[in-house]
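Under this note's numbering, the first residue of the sequence shown carries the number 242, and numbering increases by one thereafter.
See below for the structure under consideration.
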Amino acid sequence: MADQSEFSAKQRLAASQLKAALAIENAGLLEQAAAMQWVALRTFIFSQLALRNIRYSSTRKALVLATSELGLGTFHSDLIFAHLIGTMAEWDEHFSINKTQLHSLKCRCENVRRHFECRSERAQSGI
Numbered sequence: 242m243a244d245q246s247e248f249s250a251k252q253r254l255a256a257s258q259l260k261a262a263l264a265i266e267n268a269g270l271l272e273q274a275a276a277m278q279w280v281a282l283r284t285f286i287f288s289q290l291a292l293r294n295i296r297y298s299s300t301r302k303a304l305v306l307a308t309s310e311l312g313l314g315t316f317h318s319d320l321i322f323a324h325l326i327g328t329m330a331e332w333d334e335h336f337s338i339n340k341t342q343l344h345s346l347k348c349r350c351e352n353v354r355r356h357f358e359c360r361s362e363r364a365q366s367g368i
């Protein structure tokens with residue numbers, strides 16, 4: 242059984258990171274907002290793995306486990322897109338993103354979160 246306190250703590254942290262991403266975006270810092278969107282999604286994924294008692298030793302391994310846990314398809318491409326854009330925004334000093342591109346990133350991050358949550362709901366209801 243997963244450690245509920247670890248799951249809850251990571252869920253709270255992910256929610257705070259999403260709020261920070263919005264504040265950063267509202268300040269006009271689009272690249273930093275993109276990086277924070279990725280950080281929030283990564284924390285959310287970590288919480289979902291904790292809920293399922295799936296252990297990992299790196300972000301790469303967590304992404305592989307998340308993908309194998311939930312299958313491929315749109316989820317996989319949205320996750321890889323978010324990882325790529327978030328990492329580029331964080332590490333590439335020449336990376337730039339506009340509001341439309343940031344919106345696309347936010348939608349893809351939300352798709353990943355919804356996919357996890359729907360999978361959890363189906364598992365809890367026995368579907």
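Glycine residues also receive a C-beta, built at the ideal position from the N, C-alpha and C atoms.
* Taking the CB atoms as reference points, tell me whether L282 and C350 lie closer together than 8 Å. => Yes.
* **Between the CA atoms of S246 and H344 - distance to the nearest angstrom** => Across the structure, H344 and S246 are spaced so that their CA atoms are roughly 32 Å apart.
* Asked: Do K251 and S288 have their C-beta atoms closer together than 8 Å?
  -> For K251 and S288, yes; Cβs fall inside 8 Å.
* **Whole-angstrom C-beta distance between I338 and A330, which should lie under 8 Å** => Contact flag correct, Cβ pair sits at about 6 Å.
* Asked: Is S279 buried or exposed, if buried means 16 or more other CB atoms sit within 10 Å of its CB?
  -> Sequence check: residue 279 is Trp here, not Ser. Buried, since its Cβ has 16 or more Cβ neighbours within 10 Å.
* To do: Give every residue of the same chain whose Cβ lies closer than 7 Å to the Cβ of Y297, excluding the five residues on either side of it in the sequence, and list them in chain order.
  => Answer for Y297: L290, A303 and L306, listed in chain order.
* L254 to L292, Cα distance in whole Å? -> Rounded to whole angstroms, the separation of the alpha carbons of L292 and L254 is 15 Å.
* C-beta contact flag for M277 and A256 at 8 Å -> For M277 and A256, no; Cβs fall outside 8 Å.
* Asked: In three-state terms, what does DSSP make of D319?
  -> The three-state reading of DSSP puts D319 in helix, counting H, G and I together.
* Residue closest to E434, alpha-carbon to alpha-carbon, out of A323, I265, F316 and G269 -> The question about residue 434 has no answer here: the residues shown for the chain are numbered 242 through 368.
* alpha helix (DSSP H) segment containing S288, residue limits -> It spans L271 to L292 - the alpha helix (DSSP H) in which S288 sits, taken as one unbroken run.
* Are the beta-carbon atoms belonging to I326 and A275 less than 8 Å from one another? -> Yes, they are a contact pair.
* Asked: Short check: CB of R354 to CB of F285, under 8 Å?
  -> Contact: yes.
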